[in-house]
Amino acid sequence: MLPVISPGAMLTIETGSFGEQAPQPGEIVAFRRGEGLVCHRFYGTLRIGKRQLGIERGDNNRIAGLFRLENYVGRLHAVDGQSGETLFRMVSKPGFLQLVIGLIHERWDWLVRGKIQNFL
Numbered sequence: 432m433l434p435v436i437s438p439g440a441m442l443t444i445e446t447g448s449f450g451e452q453a454p455q456p457g458e459i460v461a462f463r464r465g466e467g468l469v470c471h472r473f474y475g476t477l478r479i480g481k482r483q484l485g486i487e488r489g490d491n492n493r494i495a496g497l498f499r500l501e502n503y504v505g506r507l508h509a510v511d512g513q514s515g516e517t518l519f520r521m522v523s524k525p526g527f528l529q530l531v532i533g534l535i536h537e538r539w540d541w542l543v544r545g546k547i548q549n550f551l
């Protein structure tokens, strides 16, 4: 989340499920990705078929990404013991092209990982 959050910063996450505390656009959320935890800015949700996904983007990333709502962990509450409220200010929303490229990137990764795992 550079330049807003420096590497090594101590983050306090207010945990909860997406259904009980859906974040507001512009807030920084935490979600599981693989074995790790990712903190990115939340922009809203997108429905693809029966699945609803969260739209996210790191402040230093050009392409928006998607995450499964069941992987949502919570929202950022504090950074290094200080309230993260100022970090929640909305930054520029990703444009349509950024969302489309992000979606294609996510699907491509999923397809390639699935093919490789099936091959092995």
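Our numbering numbers the first residue of the sequence shown as 432 and each following residue consecutively.
Glycine is no exception: its CB is placed at the ideal position from the N, C-alpha and C atoms.
These numbers come from a predicted model, not from an experiment.
Relative to the alpha-carbon of P454, which residue among I479, G512, F473 and F527 has its alpha-carbon at the smallest distance?
Here residue 454 refers to the residue found at position 23 of the sequence shown. Of the listed residues, the one whose Cα sits closest to P454 is F473.
Could you name the residues that DSSP lists as bridge partners for Y503?
In the sequence shown, counting from the first residue as 1, residue 503 sits at position 72. Beta-bridge pairing links Y503 to F462.
Consider the C-beta atom of G439 and the heavy atoms of the ligand PLP; say whether any pair is separated by less than 8 Å.
Absence of the ligand PLP from the depicted structure is noted, as is the absence of any ligand whatsoever, leaving it without description.
State the CB to CB distance for the pair L497 and L507, rounded to an integer number of angstroms; the pair is presumed to be in contact (CB under 8 Å).
In the sequence shown, counting from the first residue as 1, residue 497 sits at position 66. In the sequence shown, counting from the first residue as 1, residue 507 sits at position 76. That belief does not hold up - the Cβ atoms of L497 and L507 are roughly 19 Å apart, past 8 Å.
Can you tell me where the beta strand (DSSP E) holding I479 begins and where it ends?
The sequence position of residue 479 within the sequence shown is 48, counting from 1. Element bounds for I479: G467 to I479.
To the nearest angstrom, how far is the alpha carbon of F527 from that of N491?
Residue 527 sits at position 96 when you count from the first residue of the sequence shown. Residue 491 sits at position 60 when you count from the first residue of the sequence shown. Spanning the two alpha carbons is a distance of roughly 18 Å.
Applying the 10 Å Cβ sphere with the 16-neighbour rule, what's the burial state of I459?
Taking the sequence shown and counting its residues from 1, one reaches residue 459 at position 28. Flag for I459 reads buried.
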